[in-house]
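Chains as they are written, first to last, in the numbering used here: chain E, 765 to 1287; chain F, 100 to 451.
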């Protein structure tokens, strides 16, 4: 997030949500949005599903799946045409406006309305409202990123915020809400194939030298593999050994049959986990993992806030995960010497300029939002206040990119997927209370479709894509539009990702979980 | 800012206009008792525990809801005030089960604390008592409406924090009660089990079912930590007794969420205690997992990884780190991959 969560209730006059079912996936943020709306802020919800916040919204735009770029271009078309953009911000803080202007010129309300399914009136109203409100926050989550054009979707959001000057001030910004407790931190720590901690590129010679010196080894100079590439490489025999800590790609990654085959072909697989997961079944060695309650450390939230995790009970496996990695490393002939997680943090911080000022002591009360370059720096609640990371904000002219697989005669339904309130990817099925009330998949089916299919609420349905077939219970509801089936991915008995699309964003390698073509029949 | 001068217990104080008498007194270190008041919620002045005597006013004034006025002369603990508070407590206790010795809230009950302070042991009023069945139909929240004092904190938390509006007052007079629509149970309602209601309840009317019978409040050690579910970054207290995790409770000092939590954060923690947790390393032998020692498991890992690296080069290894693990664990996984295995093949589920 460029901005901070609490600005929702303290600063924002308008919230525009695109592809985020916030009250379910990020409940506390969703509750704050509802508070802000009830206290007078405007709320625009752009989502094909009638999510809870759609009920509260001033405008709920039921967008056709996979048409976010035309929608955003359509708003910008109107904003430029009517002269509602922030000319000062565009001139002083941004560049390449001409490219944006010439692209969005083609996205007339008439054309956009046909593509997106949103009425021209609503396009005009929302464009004007967003552009003319002083402090407007734009939020998105995986409804924007889990498309083959995820990167372009994100850039389009940035285009819109820059065009209207909704950046760099409290109550504004482009705010992706991140789905997992420490997905921000895992990125910040360099658990990525192209960067070390603090987003320092592995191909930068000076950076590499710094880490080589600190770690006393010589380091590889070429970018590594991203997850989907790892499993491709496992399938074709290039990757032969893997260590997987706390992930269950068999259940959570798209096209799981491909993942299973790759894991099967590995010569050696180590999985470190809390439970014997679907992925752990493929391991040669399983190491028991310690949970969040059993370790000291830190998580970094979606608003870049580093906060303490504190050990409350002894680790069930007898040692913390950091100790296991140290022991593994020592056996490999590279002893790591840390007495506690704080020493790990301190080493990392000393090597990462954006985190250098953060110490455990400073995190004690309220955590700190990075960037925080020195011990007297208070942290950063709002990014890009004076300038962007690259200097000027670069407008991009972006054209519509349709989903890789769209419904056709043979597979006439669009499968959309996501999370439900009560579950979180892989740990909640082991919560007895939650599992006792939400133990199986309830696929959402529109009443019109249910009628045509002869399916009643609670019936079992068979959902088939080009990749496979699964069964699940049907929940007949107008939350989904006609032609859409919506499923979560939480249940091993209905492994939705066995049938999701093979489409990937070519830049981020994120799967197109939000659009696949399926056929549906009564099971 | 407009300032207002007033006198509380004979001492003059100046506070910003709009400050309540309760807050003004608090600034002077004077503690006025409350039951229905809570900082994060709107003030309704329902319980009358916070009444004070204001010179010239025709009745005692609820200090949580009344703003200061210039020249106000306030007495917070005068005989009239003390008598009124005692009477309020007496009336509440008249219809409250006195089974404190087995009540889950014992040790953390606002009503009990005030009765202790004001010397209310047993009510002088002998009248009807409620005999509601205790609602146990969901796995998270126990609702014992016999212990409800109708302060309305839960109603306001549900409406003002979560915005779910699941519960409200129904019926009138003695039969007044807090319930979901049509006096159904929570399982029949639109309740999202965020448990905000439990976190604000001043008595044993609403309690965490998972914590029932697990320990007395004073035996519990609270450890503030960060939630392991979504990326919002909520803080809460892990409740630990005798080295065992027994629950999660709100910590209102949390910078992002304050008291608010969701079903996962408040009630999903019990995966930690699940009996299917892996406790020892396992090695696959003839297609089956067998228990082994850390030493043997780590030896096998080191031997296999070394062999594969020597035979096929560093890029034949790849590591998946985890968005659920700590920063420190993630840092070590990428350091291990890069410094020990010699490859940049490290990633995690940010993109999947």
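For every residue, glycine included, the Cβ atom is placed at its ideal position computed from N, Cα and C. If you're wondering where the values come from, they're calculated on a predicted model, not measured in any experiment.
- Looking only at F:229, F:379, F:173, the smallest Cα-Cα distance to residue 249 of chain F is reached by F:229.
- Residue 1074 of chain E belongs to the set of residues whose beta carbon lies under 8 Å from a beta carbon in chain F.
- According to DSSP, residue pairing for residue 1140 of chain E in a beta bridge does not occur.
- For the pair residue 329 of chain F and residue 356 of chain F, the CB atoms are not nearer than the 8 Å cut-off.
- Under the 8 Å Cβ criterion, the segment 411–418 of chain F does not count as touching the segment 384–396 of chain F, having fewer than three qualifying pairs.
- Beta-bridge partners of residue 172 of chain F (DSSP): F:106.
- The residues 908, 909, in chain order, have a CB closer than 7 Å to that of residue 918 of chain E in the same chain once the five nearest residues on each side in sequence are set aside.
- Residues of the segment 324–338 of chain F with a C-beta less than 7 Å from any C-beta of chain E: 324, 325, 326, 327, 328, 329, 330, 331, 332, 333, 334, 337, listed in chain order.
- One finds nothing in chain F with a Cβ atom closer than 7 Å to the Cβ of residue 1252 of chain E; even the nearest lies about 14 Å away.
- Among the residues facing chain F, residue 1140 of chain E is not included, as its CB has no counterpart in that chain under 8 Å away.
- Residue pairing by DSSP puts residue 113 of chain F in a beta bridge opposite F:104.
- The C-alpha of residue 924 of chain E is placed about 9 Å away from the C-alpha of residue 1159 of chain E.
- Sorting F:136, F:219, F:362 by C-alpha distance to the C-alpha of residue 190 of chain F places F:219 at the top.
- If you look at residue 887 of chain E, you'll find it isn't in any beta strand (DSSP E); it sits in the alpha helix (DSSP H) that goes 884–896.
- Within the segment 116–176 of chain F, the runs of alpha helix (DSSP H) that reach at least 4 residues and sit entirely inside it are, in chain order, 120–126.
- Taking 8 Å as the cut-off, the beta carbon of residue 1064 of chain E is found closer than this to the beta carbon of residue 949 of chain E.
- The closest CA to that of residue 1057 of chain E, considering only E:1007, E:834, E:1085, E:941, is found on E:1085.
- Remark: C-beta atoms of residue 879 of chain E and residue 831 of chain E approach each other more closely than 8 Å.
- According to the DSSP assignment, residue 1202 of chain E belongs to no beta strand (DSSP E), since it is labelled neither H nor E.
- Interface criterion not met: the Cβ of residue 921 of chain E is under 8 Å from no Cβ in chain F.
- Secondary structure in the segment 342–385 of chain F: the beta strand (DSSP E) runs of 3 residues or longer, each lying completely within the stretch, are 343–348, 381–384 in chain order.
- 802: these are the residues of the segment 802–817 of chain E whose beta carbon lies less than 8 Å from some beta carbon of chain F, given in chain order.
- Where residue 981 of chain E is concerned, there is no enclosing beta strand (DSSP E), because DSSP gives it neither an H nor an E.
- Per DSSP, residue 1043 of chain E lies in no alpha helix (DSSP H) and is assigned neither H nor E.
- Taken atom to atom, the span from the alpha-carbon of residue 163 of chain F to that of residue 181 of chain F is near 16 Å.
- Contacts between residue 1047 of chain E and chain F, judged by CB atoms closer than 7 Å, involve 383 in chain order.
- Contact between the segment 1147–1166 of chain E and the segment 983–996 of chain E is absent: fewer than three C-beta pairs spanning the two stretches fall below 8 Å.
- DSSP places residue 782 of chain E in the uninterrupted beta strand (DSSP E) bounded by 778–782.
- Separation of the CB atoms of residue 1232 of chain E and residue 1021 of chain E is rounded to 6 Å, and the pair is thereby assigned contact status at 8 Å.
- Taking a Cβ-Cβ cut-off of 9 Å, the neighbours of residue 403 of chain F in chain E comprise 1005, 1031, 1032, 1034, 1048, 1049, given in sequence order.
- DSSP assignment within the segment 858–886 of chain E yields no whole beta strand (DSSP E) run of 3 residues or more.
- Within the same chain, Cβ atoms closer than 6 Å to the Cβ of residue 118 of chain F are found at 167, the five residues on either side in sequence being excluded.
- In terms of beta-carbon proximity, residue 199 of chain F stays away from the interface with chain E, with every pair separated by 8 Å or more.
- Within the segment 228–256 of chain F, those residues whose Cβ lies closer than 8 Å to any Cβ of chain E are, in chain order, 237, 238, 239.
- If only uninterrupted alpha helix (DSSP H) runs of at least 4 residues are considered, those enclosed by the segment 401–436 of chain F are 426–434.
- Nearest neighbour of residue 1061 of chain E by Cα position, chosen from E:1050, E:1076, E:1051, turns out to be E:1076.
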